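Asker:
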Amino acid sequence: MPLTLGAWFHDWSPFVLQISGSFGLRWYGLSYALGCYTAWLIMRAFSKRGLTPLPYQRVTDAIFILIFGVVAGGRLGYVAFYEPSLLWTFSSDIPWWGLLMINRGGMASHGGMLGVLLACFWIARGFKDDTGSRVGAMPVFHLFDLCALAATPGLLLGRLANFINGELLGTIVAAPGEPGPWWSVRFPQERLGDHTPQLTPVQQQAWDDLVARYALPNEAPIETFERMLAIIRGPRGADLAAQVEPFISARHPSQIYQGLAEGVVVGLALLLFWRSPRRPGMIGGWFLVLYGVGRIITEAFWRLPDAHLQVQYIAGLTRGQWLSIAMIGGGVAMMLIALARKDHTLYGGWGVRHAAA
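Under our numbering, the first residue of the sequence shown carries the number 50, and numbering increases by one thereafter.
#1: Would you mind sorting Q106 into buried or exposed? The rule is 16 or more other CB atoms within 10 Å of its CB.
#2: Could you check the C-alpha separation between A406 and C169 for me, to the nearest Å?
#3: Is it the case that the Cβ atoms of I377 and L337 are separated by a distance below 9 Å?
#4: Pick from G312, R285, H159: whose alpha carbon is nearest that of G379?
#5: Taking the alpha carbon of A255 as the reference point, which residue from Y306, F296, D392, G333 has its own alpha carbon closest?
#6: Mapping DSSP to helix, strand and coil, what is V401?
#7: Where do the N-terminal and C-terminal ends of the alpha helix (DSSP H) with F117 fall, by residue?
#8: Find the nearest neighbour of D392 within the set L218, H191, A223, E272, judged by alpha-carbon distance.
#9: What number of angstroms, rounded off, separates the C-alpha of P329 from the C-alpha of L241?
#10: Comparing alpha-carbon positions, which option in I112, W371, Y263 lies nearest T273?
#11: Would S303 and L366 qualify as a contact pair, given that the criterion is a beta-carbon distance under 9 Å?
#12: Please state whether DSSP places A406 in a helix, a strand or coil.
#13: Alpha carbon to alpha carbon, how far is R327 from L395? Give it in angstroms, no decimals.
#14: Around the Cβ of P230, are there at least 16 other Cβ atoms within 10 angstroms (buried) or fewer (exposed)?
#15: Going by alpha carbons, who is nearest to P237 out of F193, E227, S298, A186?
#16: Between W57, F58, G78, which has its C-alpha nearest Q67's C-alpha?
#17: Which class does W145 belong to by DSSP, given the choice of helix, strand or coil?
#18: Skipping 5 residues on each side, what residues in its chain have a beta carbon closer than 7 Å to that of R174?
#19: Using a Cβ-Cβ cut-off of 6 Å (strictly less than) and excluding sequence neighbours within five positions of V189, which residues of its own chain qualify?
#20: Report all residues from its chain with a CB closer than 8 Å to the CB of K97; omit the five preceding and five following residues, and keep chain order.
#21: Roughly how far, in whole angstroms, is the beta-carbon of I91 from the beta-carbon of A197, given that I think they are within contact range, below 8 Å?
#22: Is F139 near the ligand HEM, judged by its Cβ being under 8 Å from some heavy atom?
#23: To test your reading of the DSSP string, which unbroken alpha helix (DSSP H) runs of 4 or more residues are found completely within the stretch 163 to 193?
#24: Among A157, T201, G122, which has the Cα closest to the Cα of I332?
#25: Given a threshold of 16 other Cβ atoms within 10 Å of its Cβ, counted over all protein chains shown, does W145 qualify as buried or as exposed?
#26: Return the first residue and the last residue of the beta strand (DSSP E) that G73 is part of.
#27: For L163, which of V120, G398, G343 has the nearest alpha-carbon?
#28: Quickly, what does DSSP pair Y396 with across the bridge? List them, please.
#29: State the Cα-Cα distance for the pair Q370 and A157, rounded to the nearest angstrom.
#30: Just how far apart, CA to CA, sit W351 and T220?
#31: Taking only the alpha-carbon atoms, compute the straight-line gap between Q252 and C85 and give it to the nearest angstrom.
#32: Comparing C-alpha positions only, which one of I114, A224, G343 sits nearest to T249?
#33: With distances taken Cα to Cα, identify the nearest neighbour of F130 among G161, F117, T101, I116.
#34: R300 to D110, Cα distance in whole Å?
Here it is, written out as structure tokens:
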């Protein structure tokens, strides 16, 4: 990632290992896998110390159910909230249906959380043993507490993958050709979407000439630039990166900000709050509130709304901010329900030894 004009020029590939074309191991997929692994480790640690009724030998079963909830909820949430046209989009390439084309990206964190909530209802019923009896049943709110804490490393990893992919761009701090702060990033991917900054007439002519030099016969400019990006990400891309860089704006690395807010800040707050045993629903409620507040703040100051949305703002707020407001309301409601329940059984409390009921 070369340092140019005071800002970092983003030249990272979305692939950890590219096999051919769009097929290979992507950082985004790896972030999901590592997030699930860290969640598994956290849940096993809680179970081993007796901080949760979830049986130690059933943690892996619970994780697989949660993985299904995250993936299904995240994808369905993205389609429902951001790109419903995928429901009637079909192609000749596997997996044929736009809804299933997860390999091209498109997951919504809010949808993933809804998927986790539904998975928690399933897991909280317990697991059948060899005799057909159910073991490990627990309050669903407690399971949501456990999942909320366990999910925070994965939220951080997901935002880091967003950064590597050059998606969910931040606001501009320096126009193309102008020096940017040392902490800012120039994402060449901006020229593929609707957040492309305006160039001066002289810059536009120079840009058109540059793209024309790499164009193949009958090739659209956007297709040419996609090939140029592939060259930039390769071992011999430094020269082309230097030519493209003056036409790219410098931006806030909003993905990093959101990763710190949603993963680190929320995770540490929940960890400290759960040092003592709590009523089921308190940790999950605080998660919804803190995540929602962090998302609203980062989107208000540093992150742009999704470029492909025809309606990017509703009453002055992005779609993600409205969903986050709903999360905050849900979190407050969850905590009020937890406090109003007559069952005062406490769970968790990593700072003290606790035997789960």
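All C-beta atoms in this analysis are idealised placements derived from N, C-alpha and C, irrespective of residue type, glycine included.
Please read these numbers as outputs of a predicted model, since none were measured by experiment.
Answerer: Short version:
#1: exposed
#2: Summary for A406: the model assigns pLDDT 42, below 50, so the residue's position carries little reliability, and this model does not support an answer.
#3: yes
#4: H159
#5: F296
#6: coil
#7: 108 to 130
#8: H191
#9: 46 Å
#10: Y263
#11: no
#12: Confidence in A406 is poor, its pLDDT being 42 and thus under 50, which makes the residue's placement unreliable; the coordinate value appears in the next sentence. A406: coil per DSSP, three-state reduction.
#13: 5 Å
#14: exposed
#15: S298
#16: G78
#17: coil
#18: R183, A186
#19: C169, F170, A173
#20: Y105
#21: The pair is not a contact, with the Cβ atoms about 11 Å apart (cut-off 8 Å).
#22: With respect to the ligand HEM, the structure offers nothing, as it holds no ligand at all.
#23: none
#24: T201
#25: exposed
#26: 72 to 75
#27: V120
#28: R327
#29: 13 Å
#30: 5 Å
#31: 45 Å
#32: A224
#33: G161
#34: 42 Å
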